[in-house]
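K.L.:
Residue numbers (my numbering), protein chains in the order written: chain A, 1 to 302; chain B, 1001 to 1302; chain C, 2001 to 2302; chain D, 3001 to 3302.
Cβ coordinates follow ideal geometry from the N, Cα and C atoms, glycine included.
Sending over a structure as structure tokens; questions will come in a sec.
There are 4 protein chains.
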Amino acid sequence: MTPADPTPVADIGFVGLGTMGRPMARRLLDAGHRVTVWNRSAAPVAELAALGAVPAASLQDAFARPVVLSMLADDDSIRRQVLDTGVLVDAECSVHVNMATVSTGCALELAAHHREHGIGYLAAPVLGRAEVAAAGALHILAAGDPQWIGRLEPLLLTLGRRVWRLGPEPERANAVKTAVNFMVANAIESISEACALVESFGVERALFTEVMTETVLPGPVYTTYGGLVASRTYQPAGFTARLGLKDVRLAQAAAAANNVPLPMAGLVHDALLQALAHGWGEQDWAVLSEVARTRAGFAARQ
Amino acid sequence: MTPADPTPVADIGFVGLGTMGRPMARRLLDAGHRVTVWNRSAAPVAELAALGAVPAASLQDAFARPVVLSMLADDDSIRRQVLDTGVLVDAECSVHVNMATVSTGCALELAAHHREHGIGYLAAPVLGRAEVAAAGALHILAAGDPQWIGRLEPLLLTLGRRVWRLGPEPERANAVKTAVNFMVANAIESISEACALVESFGVERALFTEVMTETVLPGPVYTTYGGLVASRTYQPAGFTARLGLKDVRLAQAAAAANNVPLPMAGLVHDALLQALAHGWGEQDWAVLSEVARTRAGFAARQ
Amino acid sequence: MTPADPTPVADIGFVGLGTMGRPMARRLLDAGHRVTVWNRSAAPVAELAALGAVPAASLQDAFARPVVLSMLADDDSIRRQVLDTGVLVDAECSVHVNMATVSTGCALELAAHHREHGIGYLAAPVLGRAEVAAAGALHILAAGDPQWIGRLEPLLLTLGRRVWRLGPEPERANAVKTAVNFMVANAIESISEACALVESFGVERALFTEVMTETVLPGPVYTTYGGLVASRTYQPAGFTARLGLKDVRLAQAAAAANNVPLPMAGLVHDALLQALAHGWGEQDWAVLSEVARTRAGFAARQ
Amino acid sequence: MTPADPTPVADIGFVGLGTMGRPMARRLLDAGHRVTVWNRSAAPVAELAALGAVPAASLQDAFARPVVLSMLADDDSIRRQVLDTGVLVDAECSVHVNMATVSTGCALELAAHHREHGIGYLAAPVLGRAEVAAAGALHILAAGDPQWIGRLEPLLLTLGRRVWRLGPEPERANAVKTAVNFMVANAIESISEACALVESFGVERALFTEVMTETVLPGPVYTTYGGLVASRTYQPAGFTARLGLKDVRLAQAAAAANNVPLPMAGLVHDALLQALAHGWGEQDWAVLSEVARTRAGFAARQ
């Protein structure tokens, strides 16, 4: 298949059946595509096979399909499972769409490797959690060869409600993803500090977050995290402090590579690290609010 | 008039006819109230008189109405025009509603002075700019004696779409106002840093802010300031860097009074101070984006 | 007396007999000067009178001597005791040397007031604590009319080992004093963070601070505070966290007046505020080390 | 050779003949030891051979001496030249003393590799530059098996004036080295901010740094960097901003591994990154002062 090939995509390799990968693969199956799935552990493969997927005989087998989508956890996973395995050397696919949140450095490295082996490479990280993926309502941040993006857009629209075209260099999509996550972290820290401030004056946290979201700061981030911060509910975690720290570090690494100081990232990094130091790493990153409360000595005051 | 008095409020003193005060006084007139207006300079008084307001013979005359609303610029203004003039000593009003953004410290001081002179005191700072005031669509953050708030709510609803009841201590309303403004400052800094990051990867700023507002961070703050930051438009200023710095300092002062560290406030304070140092004090506080670009040396790169 | 007057200074008014003022006044007496002392409370006056000082009949009496030295606690004290009392209006002194640590803003204001009343004004804050004052070994940071500084240097050398001439504008001396104190605060924070880091690796804090002071960071600040931080000894306080916070704020105010961002000041400010929030305000400001240990969750780890 | 072996050390492999390694190897030669030298490039080997060193036939040859000292540039160098080459597999040395500044993570990894291959491993990073090394006046921060340290101390005292014993885990020495460097960075930033503050009041920078070093902050760091900052001399660089940034990152990485927030490190990191963004990466890290001046807009003021 080449970017100009008019045939509808139908034969897909799908690598990485984690929390996000499973509902995404399922949507491809539901749309009638042939999906050859591969995962490091067996159970998710069986689950998808029961829904009509073809279990790949090997990772190489998955990379023998014309189009490969992957949704691996992070830089480490993709390094270990794609780069270190040498699967690209004899891969028969035409294009590989990496939908994971990886670093911009990893994106640059992957793009070079694929180029070397004559395989198209798109970065297409997504905004949205598992339930959004299941509903096909993800935002897909795509970057890479525009012809490939154009060619694959109908397929990607099976997975998301919108495909954002961010330019010809794949790492741009990862930069944008990481910048958005960074802004979410900043918003949580902002809510946390503001709540500590008003709490010190005796204002109910829930009343304050209602003012906030009903006036100038509406939307899912302020509503969701405002709610968690107001009620001091950090478990079960939608997204853990530990993963949040990892995301902030992606922003810091991307920025450092280009000599862009990000003061807020340093601040939020330290606050998340403090959360980990206090044993809150597996709690929702809204636990930043407890870090703000610790700073203000609220426990010591009572 | 006492809080229990069932008579509709109709005889109002209004002090401070600035950018916000004028449209507010006008709405009271339009609603049929008798409004006695006072302002340090004469022109706005004449403007309102032409619309049916009664020019006050003196500040004392304005404070002789049963209900006095004031919309003075800041702590300094209210100190000079209300505290230092001694107008409260012989004031005949029953209640004074201070709708300006003043410090929590000033609020505490004002509450004490009014109590001493037997006058009710409400803090009722607002969210919204002049055009919102003209449309009667402000959010009014009210705190003080709940009976007075209840009694005056119909009147306040002439000015705003919603009256938030934030508790019996007036300074709470000022704490909430200042906390919301602080969060807006944080959001602008967050947009600025994120834009510097993606710009360093060659992503169009306007494309990034569109992703941001169409996905997880919608709403007026991100839309407005995202637009200004993307287009690097800082004039005419909706709200200047100089005023923004003043607001951040209100948050810092309120927090310091209660021993609440606010790391983000320190960071945004320094960024705004840098804006002033570069001669950008009268530009819109979205100019925080240029501070982020200076840090990243974008001018030096070209 | 004028700056050109060749007569040795001998008739001195001394205002403010606190921890620093007492040993300073005593040194002037020991050197044979006539010292007319005034203090808000009576006990220190009696103490100095027993050593040969002349008790002033009033503040005005002290300001009737040709040379007045004052060592009041801070801006508030000097405002209440000098500006608000109107003592300058009929003061007969030729020159007033303000040796207290006041803000640069206060220095500007005082200089203007003295000029208005035809009185010379020098700022001469000092480096050194009470025992250093008793030994006449202070460093005196002097600024103001160079003729006056030249004229009074012999007198000042009774109090200190060296007079630094910092220029014709009095506020410069206060800027330098505040900058030095700010650097001391930074050094304590630096020691605190570094100790938290090595402690997390199991290195004895005292061993680390010995390495530090015996290699690249010798001197009284690192030795004194290294010792306190290593042994976690915060009482009795040589200088409290509360006073440290006040000094950091002087630096912030001086910097803000000139649009100079000081990121380290914001950071140390927040750390000291956290100390106050935890009830450590009256402990030595070396307690910054406990703030660093709190951030790192050392208590939670054990 | 074992730790108990009483024979004086005489047969040494020395790996890495850079700016620091050359004078160190030379001192060993001057003290009469047999030194087998190895370096990636040939010129320094020839230089040392002319002074009596034995050129190693290979890296393996150097690692065949009973005691190996190495002074490679950084983590990358030691990884590429020691770990990746597999030289440890058949190394005949009894102990390897790594005198380079590497990360604590790298130290842990190296310690494990040496243990696996039955080779003693000491971390012994040094404080002092090339001229200090030439004078044998380094401070040697040693950690690892205390028997080895005891055994090698006479040899190390050929290179330094003092051997600090920092405990049995090698990474502790690296933690201490990195913490000291971090404190030096903080001191330079502190000087830079303080100078910007006093400069804004018209105080001569050189006068201020003289006050600073002659009163409470003496010692080589404040004197050296005070001088550079006062005179705004950043070339030739004693230590570049780029290397300074690398060192700050070592502190951040060590701290992050143990969940220790270091706010000052974040701040100095961003300031150094800003220096790089402005093209000052190869200037002395005293150029932090220009970053402070940029923040304060001094260029824009003139």
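Give the DSSP bridge partners of L1127 of chain B, in chain order.
P.N.:
L1127 of chain B is bridged to B:H1139.
K.L.:
So, at 7 angstroms on beta carbons, what are the nonlocal neighbours of Q3252 of chain D in its own chain, with the 5 sequence-adjacent residues on each side left out?
P.N.:
Excluding positions up to five away in sequence, the list reads L3262, A3265 and H3269.
K.L.:
Assess contact between the stretch 3164-3172 of chain D and the stretch 2194-2211 of chain C, defined as three or more Cβ pairs (one per stretch) separated by less than 8 angstroms. Is contact present?
P.N.:
With a cut-off of 8 angstroms, the stretch 2194-2211 of chain C and the stretch 3164-3172 of chain D count as touching, because enough Cβ pairs lie within range.
K.L.:
What does E1116 of chain B touch in chain A if you count any residue whose Cβ is under 9 angstroms from its own?
P.N.:
Within 9 angstroms Cβ-Cβ: nothing; E1116 of chain B doesn't reach chain A, min ~22 angstroms.
K.L.:
Could you check what DSSP says for G2266 of chain C in three-state terms: helix, strand or coil?
P.N.:
G2266 of chain C: helix per DSSP, three-state reduction.
K.L.:
What residues in its chain sit with their C-beta under 7 angstroms from that of N1186 of chain B, if we drop five residues either side in the sequence?
P.N.:
Excluding positions up to five away in sequence, the list reads M1264 and V1268.
K.L.:
Could you pull out every unbroken alpha helix (DSSP H) segment of at least 4 residues lying fully inside the stretch 191-275 of chain A, listed in chain order?
P.N.:
Whole alpha helix (DSSP H) segments, 4+ residues: 205-214, 220-231 and 241-257.
K.L.:
Nearest CA to the CA of I119 of chain A: which residue from A:V248, A:V87, A:D75 and A:Y234?
P.N.:
It is A:V87.
K.L.:
Counting only the same chain and skipping the five closest in sequence on each side, list residues whose C-beta sits under 8 angstroms from that of D325 of chain A.
P.N.:
What the structure shows of chain A is the stretch from 1 to 302, and residue 325 of chain A is not part of that stretch, so it cannot be assessed.
K.L.:
Tell me, please, whether the CB atom of Q81 of chain A is closer than 8 angstroms to any CB atom in chain C?
P.N.:
No, no contact with chain C.
K.L.:
Less than 8 angstroms between CB atoms is the rule here; does R1295 of chain B satisfy it with respect to chain D?
P.N.:
Yes, its Cβ sits closer than 8 angstroms to a Cβ of chain D.
K.L.:
DSSP three-state call for N2174 of chain C: helix, strand or coil?
P.N.:
Note: N2174 of chain C maps to helix in three-state DSSP.
K.L.:
With DSSP collapsed to three states, give me the class of F1014 of chain B.
P.N.:
Three-state result, F1014 of chain B: strand.
K.L.:
Consider the Cβ of H2139 of chain C: report whether some Cβ of chain D lies at a distance smaller than 8 angstroms.
P.N.:
Judged by the 8 angstroms Cβ criterion, H2139 of chain C is in contact with chain D.
K.L.:
How far does the beta strand (DSSP E) with R3040 of chain D in it reach, from first residue to last?
P.N.:
Careful: R3040 of chain D lies outside any beta strand (DSSP E) and carries neither H nor E.
K.L.:
Between the C-alpha atoms of R2161 of chain C and G2136 of chain C, what's the straight-line distance to the nearest angstrom?
P.N.:
Whole-angstrom Cα-Cα distance: 6 angstroms.
K.L.:
Taking C-beta pairs closer than 9 angstroms, name the residues in chain B that V184 of chain A reaches, listed in chain order.
P.N.:
Here the neighbours are V1216 and L1217.
K.L.:
Can you tell me whether E2290 of chain C is buried or exposed, with buried defined as 16 or more other CB within 10 angstroms of its CB?
P.N.:
Looking at its Cβ environment, which holds 16 or more other Cβ atoms inside 10 Å, E2290 of chain C is buried.
K.L.:
Could you check whether the stretch 126-136 of chain A touches the stretch 19-27 of chain A, counting it as contact only if at least three pairs of C-beta atoms, one from each stretch, sit closer than 8 angstroms?
P.N.:
Segments in contact, yes.
K.L.:
Below 7 angstroms between beta carbons is the criterion; list the residues of the stretch 1264-1288 of chain B that meet it against any residue of chain D, in chain order.
P.N.:
Answer set for the stretch 1264-1288 of chain B: Q1274, A1277, H1278 and G1279.
K.L.:
Can you find a C-beta in chain C that's less than 8 angstroms from the C-beta of R3172 of chain D?
P.N.:
Yes, its Cβ sits closer than 8 angstroms to a Cβ of chain C.
K.L.:
With 8 angstroms as the limit, tell me which residues of the stretch 1031-1064 of chain B have their beta carbon closer than that to any beta carbon of chain D; keep them in chain order.
P.N.:
For the stretch 1031-1064 of chain B, which is checked against every Cβ of chain D, not one residue is closer than 8 angstroms.
K.L.:
Name the chain B residues that come within less than 8 angstroms of L228 of chain A, Cβ to Cβ?
P.N.:
Here the premise fails: no neighbours, minimum Cβ distance about 15 angstroms.
K.L.:
Could you check the C-alpha separation between N1039 of chain B and L2141 of chain C for me, to the nearest Å?
P.N.:
When rounded, the distance between both Cα atoms is 48 angstroms.
K.L.:
Distance cutoff 8 angstroms, beta carbons only. Does A965 of chain B sit that close to anything in chain D?
P.N.:
Nothing about residue 965 of chain B can be read from this structure; chain B reaches only from 1001 to 1302.
K.L.:
Check V3132 of chain D in the structure and name its three-state DSSP category.
P.N.:
Helix at V3132 of chain D.
K.L.:
With a 10 Å radius around its C-beta and 16 neighbouring C-beta atoms as the bar for buried, classify D84 of chain A as buried or exposed.
P.N.:
Exposed.
K.L.:
Is the separation between the beta-carbon of P3170 of chain D and that of Y3121 of chain D shorter than 8 angstroms?
P.N.:
Yes, these two residues count as a Cβ contact at 8 angstroms.
K.L.:
Starting from A2256 of chain C, find everything on chain B with Cβ-Cβ shorter than 7 angstroms and list it in chain order.
P.N.:
The contacting residues are L1273.
K.L.:
Considering only the beta carbon of each residue, do Y3225 of chain D and V3287 of chain D sit closer than 8 angstroms?
P.N.:
No, the Cβ-Cβ distance between Y3225 of chain D and V3287 of chain D is not below 8 angstroms.
K.L.:
How about L3217 of chain D and V2221 of chain C: are their beta carbons less than 8 angstroms apart?
P.N.:
Contact: yes.
K.L.:
CB of G3167 of chain D to nearest heavy atom of the ligand COA: below 7 angstroms?
P.N.:
Looking at this structure, you won't find the ligand COA or any other ligand, since it has none at all.
K.L.:
Excluding the 5 residues flanking A292 of chain A on each side, which residues of the same chain have their C-beta closer than 6 angstroms to its C-beta?
P.N.:
Closer than 6 angstroms at the Cβ level, and outside the excluded window around A292 of chain A, lie S192, E193 and A196.
K.L.:
Quick one: is N98 of chain A near chain B, going by C-beta distance under 8 angstroms?
P.N.:
So, not an interface residue.
K.L.:
Could you tell me the distance, in whole angstroms, from the CA atom of P1236 of chain B to the CA atom of G2238 of chain C?
P.N.:
Roughly 52 angstroms separates the two Cα atoms.
K.L.:
Whose C-beta lies closer than 7 angstroms to the C-beta of D1075 of chain B among residues of the same chain, with five residues either side of it excluded?
P.N.:
Closer than 7 angstroms at Cβ, skipping near neighbours: V1102, S1103 and C1106.
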